[in-house]
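Q:
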Amino acid sequence: MKLSEDQLNDYKKNGFLFIENVFSEKEISTLLTEMERVIEEDSPRKILEKNGQVRSFFAPELSSPLFENVVRLDRLVSPSRQLIGSSIYKHQTKLNTKHAIVGDWWDWHQDYTYWKKEDGMPSSDVLTAMIYLNDVNEFNGPLFVIPGSHTIGTVDATFRDKPEDNDEWFEEYQTSTTYMSALTADLKYTIPENLLADWITKKGLISMKGKAGSVLFFHGNLFHASTNNLSPWNRHTFLITYNSTNNSLPDTPNPRPEFISSRDFSAIECTEKDFILP
Ligand code: SIN
Ligand code: MN
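Going by our numbering, the sequence shown opens with residue 57, and the numbers climb by one from there.
1. Could you give the C-beta distance for residue 189 and residue 87, rounded to a whole number, given that I count them as a contact under 8 Å?
2. Any heavy atom of the ligand SIN closer than 7 Å to the beta-carbon of residue 196?
3. Please identify the residue among 122, 131, 58, 69 whose C-alpha is closest to the C-alpha of residue 203.
4. By DSSP's criteria, residue 75 is part of a beta bridge. Which residues make up the other side?
5. For residue 180 versus residue 210, is the C-beta spacing smaller than 8 Å?
6. When DSSP labels each residue in this structure, what does residue 171 get in the three-state scheme?
7. Do the CB positions of residue 199 and residue 273 come within less than 8 Å of each other?
8. Determine the DSSP secondary structure at residue 82, reduced to helix, strand or coil.
9. Cβ of residue 299 within 8 Å of Cβ of residue 157?
10. Assign residue 270 to one of two classes, buried (16 or more other C-beta atoms within 10 Å of its C-beta) or exposed (fewer than that).
11. Taking the continuous alpha helix (DSSP H) assigned at residue 281, which residues delimit it?
12. Grab me the residues of residue 171's own chain with a C-beta within less than 6 Å of its C-beta, minus the 5 sequence neighbours each way, in chain order.
13. Buried or exposed, going by whether 16 or more other CB atoms sit within 10 Å of the CB of residue 266?
14. Fully enclosed by the segment 175 to 205, which beta strand (DSSP E) runs are 3 residues long or longer?
15. What are the partner residues of residue 324, as DSSP defines its beta bridges?
16. CB-CB under 6 Å to residue 92, same chain, minus the five flanking residues each way: which ones, in chain order?
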């Protein structure tokens, strides 16, 4: 799939690009069935909500040739190469399973903050392709984005619930390398409230609703968040983060696990044929 000049300009201006019908109904139903199988697995790659439901499952392709094929599909890789402007490799993948009624929120953040602070990624030449496995409506926790917010660069992030009377705990939390603190609903690096208010007033807010089979490509510095799922409809997504091969990670003393932060920097080769069904 080749993006047009207009699509490239939209992405440059807004920090995201939304494309419908990238996956067929049949493909989505196959992926959902495979997702249900994979998330049953007992694994450190599985992150739970406070209520015990699955929140995320990292690197599903390690358990599934089908997801491995998705990561290498031309219809995702070619647009991502164009948007980043170089060859790319897979930095991270995860299933975000936002279950009906109980799926929890994602506070406002920029993805690149995590990759910079936790993995030492040199620049923000990185994006995520979010594949919609269900229809996303106003009730089941759509992603909120602030168009153009990626142009600010990377902001000084804060921990929203900083305990007033516990500086010692906070200090330890901020400097900790425990990878779990980046993955739960208590996000470690969030965007300061006054900055958010300014940007939303200036640029508005978009709720990224859309049909199953759509893909949202978004920049590593885009401000984004999502609310709880209070509806009876699941909002499951598969997210693939592609990074420029010119932006690979330096050696660090305590790297995060490979399933969160890949250190295989080889450029992705697309699958021969652009299909995922047997
Ligand atoms: C993310 O920010 O990584 C995902 C947010 C969401 O699934 O709504
Ligand atoms: Mn994110």
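We put the CB at the ideal spot given by N, CA and C, even for glycine.
A: A quick look at the data gives this:
1. 6 Å
2. no
3. Across the set 122, 131, 58, 69, the C-alpha of 69 shows the shortest separation from the C-alpha of residue 203.
4. 271
5. Yes, the Cβ-Cβ distance between residue 180 and residue 210 is below 8 Å.
6. helix
7. no
8. In this structure, residue 82 counts as helix in the three-state DSSP scheme.
9. Contact check for residue 299 against residue 157 fails: the beta carbons are separated by 8 Å or more.
10. buried
11. No alpha helix (DSSP H) contains residue 281, which is instead part of the beta strand (DSSP E) from 280 to 282.
12. Here residue 171 has 177 as same chain residues with Cβ atoms under 6 Å from its own Cβ, once five neighbours each way along the sequence are excluded.
13. buried
14. 182 to 188, 199 to 201
15. None; residue 324 has no bridge partner.
16. none
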